[in-house]
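Residue numbers (the numbering used here), protein chains in the order written: chain W, 587 to 748; chain V, 6 to 785. Where a beta carbon is used, it is the ideal one built from N, C-alpha and C, also for glycine. The structure appears below as structure tokens.
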Ligand code: FES
Ligand code: FES
């Protein structure tokens, strides 16, 4: 057992957990933040993606104890009063069906747009498809996810990259 | 903005999913929660000589380890296939026994032999590793043709030669005669590759037993919670129906794989009673590959005869279907009544004969996966048509058009009676949208880049809206396939609709609300759809076979008819007018042509206060209906795929994919397009990427996302999706269903395009770069 302290969605949390506890388990089981999903056991599907210090991380492949002191944002913490532009775009473009991949898709996509904006690079639809390599959706066929990310990217740019 | 029929309403259910507040089965945590893990066979075929769980049971935090002897000893029944198919000689199918936990024999890698219950999930899994099972290995067989060979290992004693049934449909002699007299006969051997459905949410179950009430509750990843309860009660004797509540909360995709009642749900329910703990099991992805029912896995040979004008005169198909180690719930129906009955395609064919042999093998059970039988039929038909056109030097589109059924209703020689369609209109629309006339120029341009460009068609038809109960009953189904609904108007005028359909991505909470909002001219926010809980919804047959619109919505319409009639009676009484003059619009119930009106909510209130109702009228405003469809529905359309192949590497890109579908009335085009997108993605996945591979000893070779090629965003194109619809004459909304079309129509379009590009027909699915490269080399 190790004591882990983190900031999760802006709140300080502290738990004693077995050393082998994955971040996904820590969030789901210890904090009961069940928006972060687990869809595979080989770090391939991206249903589990959260932000650590603003960067997309696969929580199924990260030990909770390695993140002592970290700042973690999950899908539950993304909306800041109002829905995030990426969340709005997913619903407006019907970028989700069963919703299981959606939290990971949204968290990955927000980080993607931030990185492209920061680097001053254009996020083309081909780039979006390549960037989503680590996120699998079985329902949507990706078409509407790509439309959603394009749309959110343009709105996030206009807002100055939030 | 309109929210009625035909409007692109964004989904009511989205908010909880995009904010992480969806509630899936694994998100459920109950009081007194314990966790289960299964001890599974690492062998494809073995006798179980003994199980020693002493080391596991001795571990701190392990609650119990239970096995198959105990399960059968407690009277838990065997898992059954619910559709009885007879062989052509009249003999019944040879169904082998399937216990939720194997007792004396295991028959596939993953077959469960024991369930471990522990205080944590991690502990349960470690303890499962500690259970010693003494296996005596037996020879195994994985491929269906090998299973039928002389001397093959026997999977079940009561299925000699591993044959489950030898089924036929159509007229053999007449078809042979037609083929003998044909001017041209096209012949192909076709494999429909084995797939793993891979809904992104792994299966999960949370079972609780309330000893004081002698009552069970099961949260489970199900497409049909009532069917689960029925089967768990009536056949597996887990608990009587009134003592079992099944809840399917948010479910993360199904694609067929969550129709069936699996060993794990049975074992968890039983274990919750044995241990008096709430038992939770969640599959991981590796476990999903070896326990979720697989799909497809057909080997076929087909002969199609044409007269000198290119008119089809006969079709003969011989198919072997692999059903795996045990017969799953609907497994027998998939390669028969959902496959062979669709072998007329969109064409007017007088003579068809199909023979289907299903076999046991030492592999995961095979059952319905998106399309279920219809993709296999479409693949046979559309590969045959394209190949025949090439052989006869005809244009593939025109060969199809010349053979299309033109008049409806049309009785095929293989049971189905097509009710409506305009196949030519879909073909024309797809060709225009795909700019087929510009293809030659695109091909030429691709050649300058060293790429081989090809085009392929697929004109599919499917049977949805499953299904008229009497008809399927006469064909062996163990259940009726109607749907139920209840419409409750509250005293304040808001509405709850309880439906037996289940949404696991289809967006019913929105589309079902749309038809109610339209009918009573109310804000869509005032309508709530309730589904997925056997304590709330009286009964339902669930969601599969693209049946929720055609059957589920029709039941809602029937219930709304009754509500409307009662509303009009109440209003006529209060407003002192004739019922015939009452109209419902704009949130009011009015007397047409006058200013006499009541608010919709006032009618609701009148119904519940009951102070001034017509004589003899019961208070309340709640109506239910069961709807049994009159016929299947027949969505149809044409898909056109364009690919570019790099001849140096075999790498293939789908560069254009165009769909024209006839789904009948469309309730929400946004959602329908989404269904088509997802279906096409799965179809392209089947055609180019996916295949479950077993070695000869029955070991699964590719049981993870490191090995099984799931389609990812960069593997797929944007889709160009169009509609040219005819109305379905057999249900009140004129809807046909759209959930499976994409997966049914797309695989042959892709393979037809690739074979067009590379100039050889000898290419099996999945058309990986290696397979395409090999095909190019072989043709050189
Ligand atoms: S659960 Fe983390 S990548 Fe699949
Ligand atoms: S919406 Fe179901 S997996 Fe993506």
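Item to check | Which of helix, strand or coil DSSP assigns to residue 180(V) | outcome: The count along the second chain starts at 1 and reaches residue 180(V) at position 175. It is helical.
Next on the checklist: At a cut-off of 8 Å, would you count residue 607(W) as near ligand 1, judging by its Cβ distance to the nearest heavy atom?
Outcome noted: Here residue 607(W) refers to the residue found at position 21 when the first chain is read from its first residue. Not one heavy atom of ligand 1 sits closer than 8 Å to the Cβ of residue 607(W).
Item to check | Same chain only: Cβ atoms within 8 Å of residue 604(V), ignoring 5 sequence neighbours per side | outcome: Taking the first residue of the second chain as position 1, residue 604(V) is located at position 599. Short of 8 Å from the beta carbon of residue 604(V), and not among the five residues preceding or following it, lie these beta carbons of its own chain, in chain order: 498, 592, 593 and 594.
Item to check | Test item: CB-CB of residue 56(V) and residue 519(V) under 9 Å | outcome: As a first step, residue 56(V) must be located in the second chain, where it is residue number 51. As a first step, residue 519(V) must be located in the second chain, where it is residue number 514. Not in contact: residue 56(V) and residue 519(V) (Cβ atoms no closer than 9 Å).
Item to check | Short CB-CB distance (under 9 Å) between residue 668(W) and chain V | outcome: Locating residue 668(W) in the first chain gives position 82, where the first residue counts as 1. No Cβ of chain V is located within less than 9 Å of the beta carbon of residue 668(W).
Checklist entry - When DSSP builds the beta bridges, which residues end up paired with residue 97(V)? => result Taking the first residue of the second chain as 1, we reach residue 97(V) at position 92. Under DSSP, residue 97(V) shares a beta bridge with 91(V).
Next on the checklist: Give the list of continuous alpha helix (DSSP H) stretches no shorter than 4 residues that lie fully inside the stretch 477-508 of chain V.
Outcome noted: As far as the stretch 477-508 of chain V is concerned, it has no whole alpha helix (DSSP H) run of at least 4 residues.
Checklist entry - Which of helix, strand or coil does DSSP assign to residue 618(W)? => result Translated into the one-based positions of the first chain, residue 618(W) becomes position 32. Coil at residue 618(W), not helix or strand.
Checklist entry - List, in order along the chain, the chain V residues whose C-beta lies closer than 8 Å to that of residue 719(W)? => result Numbered from 1 along the first chain, position 133 holds the residue referred to as residue 719(W). Simply 717, 718 and 719.
Next on the checklist: Please identify the residue among 25(V), 473(V) and 139(V) whose C-alpha is closest to the C-alpha of residue 107(V).
Outcome noted: Reading the second chain from its first residue, position 102 is the one you call residue 107(V). Selected option, being the one with the closest Cα: 139(V).
Next on the checklist: For residue 3(V) and residue 406(V), which I take to be in contact (beta-carbon distance under 8 Å), what is that distance rounded to the nearest angstrom?
Outcome noted: Given a span of 6 to 785 for chain V in the structure shown, any question on residue 3(V) remains unanswerable.
Checklist entry - Would the beta-carbon of residue 515(V) be found less than 8 Å away from any heavy atom of ligand 2? => result Here residue 515(V) refers to the residue found at position 510 of the second chain. For residue 515(V), the shortest C-beta to heavy atom distance toward ligand 2 is 8 Å or greater.
Checklist entry - Under 9 Å, do residue 293(V) and residue 266(V) count as touching if we go by C-beta distance? => result Position 288 of the second chain, counting from 1, holds the residue named residue 293(V). Position 261 of the second chain, counting from 1, holds the residue named residue 266(V). Against a cut-off of 9 Å, the Cβ pair of residue 266(V) and residue 293(V) comes out as no contact.
Checklist entry - With burial defined as no fewer than 16 other Cβ atoms inside 10 Å of the residue's Cβ, what is the status of residue 327(V): buried or exposed? => result By one-based count along the second chain, residue 327(V) stands at place 322. With 16 or more Cβ atoms within 10 Å of its Cβ, residue 327(V) is classed as buried.
Next on the checklist: Mapping the DSSP letters down to three states, classify residue 5(V) as helix, strand or coil.
Outcome noted: As shown, chain V starts at 6 and ends at 785. That puts residue 5(V) outside it, with no answer to give.
Next on the checklist: What does the alpha-carbon distance come out to for the pair residue 557(V) and residue 78(V)?
Outcome noted: Sequence index remark: in the second chain, residue 557(V) carries index 552 (1-based). Sequence index remark: in the second chain, residue 78(V) carries index 73 (1-based). Whole-angstrom Cα-Cα distance: 40 Å.
Next on the checklist: Quick check on residue 689(W) - is its C-beta less than 9 Å from some C-beta in chain V?
Outcome noted: Counting from 1 along the first chain, the entry for residue 689(W) is found at position 103. It does; some Cβ of chain V falls within 9 Å.
Item to check | Start-to-end residues for the alpha helix (DSSP H) that takes in residue 614(V) | outcome: The count along the second chain starts at 1 and reaches residue 614(V) at position 609. Start and end: 605-614.
Next on the checklist: Only counting the same chain, and skipping five residues up and downstream in sequence, which positions put a Cβ closer than 6 Å to that of residue 192(V)?
Outcome noted: Here the question's residue 192(V) lines up with position 187 in the second chain. Here the set comprises 308.
Checklist entry - Shorter than 9 Å from the beta carbon of residue 634(W) to some beta carbon of chain V? => result To locate residue 634(W), count along the first chain from 1; it is residue 48. It does not: the Cβ of residue 634(W) has no partner Cβ on chain V nearer than 9 Å.
Item to check | Cβ-based neighbour list, residue 636(V), same chain, cut-off 7 Å, excluding 5 preceding and 5 following | outcome: If you number the second chain from 1, residue 636(V) lands on position 631. If we look at residue 636(V) and ignore the five residues flanking it on each side, its Cβ neighbours are 422, 424, 473 and 735.
Next on the checklist: So, with DSSP's three-state summary, where would you put residue 748(W)?
Outcome noted: Residue numbering aside, residue 748(W) sits at position 162 when the first chain is read from its first letter. Since pLDDT at residue 748(W) reaches only 48, below the 50 mark, its modelled position is unreliable, and no value is offered.
Checklist entry - Which residues in the same chain have their Cβ closer than 6 Å to the Cβ of residue 597(W), if we skip the five residues on either side of it in sequence? => result The residue given as residue 597(W) occupies position 11 in the first chain. Exclusion of the five residues before and after residue 597(W) leaves no residue of its chain whose Cβ lies closer than 6 Å to its Cβ.
Next on the checklist: At a CB distance below 8 Å, what residues from the stretch 275-295 of chain V approach chain W? Give them in sequence order.
Outcome noted: So the list reads 289, 290 and 291, given in the order they occur along the chain.
Item to check | Start-to-end residues for the alpha helix (DSSP H) that takes in residue 569(V) | outcome: Position 564 of the second chain, counting from 1, holds the residue named residue 569(V). First-last of the alpha helix (DSSP H) with residue 569(V): 559-580.
Next on the checklist: Just verifying my parser: in three-state terms, what is the DSSP assignment at residue 295(V)?
Outcome noted: Here residue 295(V) is taken as the residue at index 290 of the second chain, counted from 1. Secondary structure of residue 295(V) (DSSP, three-state): helix.
Item to check | Contacts around residue 608(V), its chain only, beta-carbon distance under 7 Å, and the 5 residues preceding and following it disregarded | outcome: Counted from its first residue, the second chain places residue 608(V) at position 603. Within the same chain, residue 608(V) has close Cβ partners 572, 575, 576 and 594.
Checklist entry - Just to confirm, does residue 325(V) get its C-beta within under 8 Å of one of the non-hydrogen atoms of ligand 2? => result As a first step, residue 325(V) is located in the second chain; it is residue number 320 there, counting from the start. Incorrect: residue 325(V) has no Cβ contact closer than 8 Å to ligand 2.
Checklist entry - Applying a beta-carbon distance threshold of less than 8 Å, which residues of chain W neighbour residue 710(V)? => result Translated into the one-based positions of the second chain, residue 710(V) becomes position 705. For residue 710(V), the chain W residues whose C-beta falls within less than 8 Å of its own C-beta are 626, 628, 630, 631 and 722, listed in chain order.
Next on the checklist: 9 Å is my cut-off, CB to CB: does residue 512(V) come that close to chain W?
Outcome noted: As a first step, residue 512(V) is located in the second chain; it is residue number 507 there, counting from the start. By this cut-off, residue 512(V) is an interface position.
Item to check | Outcome for residue 346(V) when other beta-carbon atoms lying within 10 angstroms are tallied against a minimum of 16 | outcome: Residue mapping note: residue 346(V) aligns to position 341 of the second chain, counting from 1. Under a 10 Å Cβ-count criterion, residue 346(V) is classified as buried, with 16 or more other Cβ atoms of the shown protein chains found around its own Cβ.
Checklist entry - the stretch 677-709 of chain W: which residues have C-beta closer than 8 Å to a C-beta of chain V, in chain order? => result Cβ contacts with chain V come from 677, 678, 680, 682, 683, 684, 685, 686, 687, 688, 689 and 692.
Checklist entry - Between residue 689(W) and the rest of its own chain, which residues show a CB-CB distance below 8 Å, the 5 nearest in sequence each way excluded? => result Reading the first chain from its first residue, position 103 is the one you call residue 689(W). Taken in chain order, the residues that qualify are 621, 622, 623, 633, 635, 660 and 661.
Next on the checklist: Measuring alpha carbon to alpha carbon, tell me which residue in 753(V), 34(V), 590(V) and 47(V) is nearest residue 706(V).
Outcome noted: By one-based count along the second chain, residue 706(V) stands at place 701. Among 753(V), 34(V), 590(V) and 47(V), the Cα nearest to that of residue 706(V) is on 47(V).
Next on the checklist: Determine, for residue 517(V), whether the minimum Cβ-Cβ distance to residues of chain W falls below 9 Å.
Outcome noted: Stepping through the second chain from its first residue, residue 517(V) is reached at position 512. Chain W, which has no Cβ nearer than 9 Å to the Cβ of residue 517(V), makes this no.
Next on the checklist: Given a cut-off of 9 Å on the beta-carbon distance, is the pair residue 255(V) and residue 29(V) in contact?
Outcome noted: Here residue 255(V) corresponds to residue number 250 of the second chain, with the count starting at 1. Here residue 29(V) corresponds to residue number 24 of the second chain, with the count starting at 1. Yes.
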